[in-house]
Amino acid sequence: MTESQKITTGGCLCGAVRYEVKGPLRDVVNCHCSMCQRLHGNFGPHSKARKVNILITKDTGLAWYKTSDIARRGFCRACGSSLFWEPFDLDATGIIAGSLDGPTGLKTVGHIFVGEKCDFYEITDGLPQYEASSNGELVNDYK
Numbered sequence: 001m002t003e004s005q006k007i008t009t010g011g012c013l014c015g016a017v018r019y020e021v022k023g024p025l026r027d028v029v030n031c032h033c034s035m036c037q038r039l040h041g042n043f044g045p046h047s048k049a050r051k052v053n054i055l056i057t058k059d060t061g062l063a064w065y066k067t068s069d070i071a072r073r074g075f076c077r078a079c080g081s082s083l084f085w086e087p088f089d090l091d092a093t094g095i096i097a098g099s100l101d102g103p104t105g106l107k108t109v110g111h112i113f114v115g116e117k118c119d120f121y122e123i124t125d126g127l128p129q130y131e132a133s134s135n136g137e138l139v140n141d142y143k
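Residue numbering for the sequence shown follows the UniProt record's numbering, starting at 1 and increasing by one per position.
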């Protein structure tokens, strides 16, 4: 099976939302922005796929919340699981890596918005860190 034929599945904690991703997923970028802190309780581990490659197979609990003028976030209204980050002007959707059924074969490749990170931990993994956005160095690449 080629990378473009691979299907990865995922969903929320209670099972009210399920999805499939056909094709490659971008490796994980940890976002430490203040919005991710509120949504995840700390940083947000994001993978990414093209919108056309994501199929919602069960949407009973799926809800969307416009968090800013540039993006909305998808979550399960039943259990509260954070699932997606979807910018309005790109053909890709961020997928919360913890919502993927594992193992995925993905690896963490860096950290963005570390200038906003919580003060109760240090990042010591030696991966690239960006004070704000990586300006595409990390977030636009697919595996």
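Glycine included, C-beta positions come from ideal geometry on N, C-alpha and C. These numbers come from a predicted model, not from an experiment.
Among the bridge pairs identified by DSSP, I96 is matched with H46. Following the DSSP letters along the chain, one finds R38 inside the alpha helix (DSSP H) bounded by residues 34-40. Taking a cut-off of 8 Å for Cβ pairs, the region 118-131 and the region 75-87 do not touch, as fewer than three such pairs fall below it. In this chain, the beta strand (DSSP E) harbouring I112 covers 108-112.
The straight-line gap separating the alpha-carbon atoms of N135 and F88 is approximately 17 Å.
Under the three-state reduction of DSSP output, N135 falls in the coil class, being neither helix nor strand.
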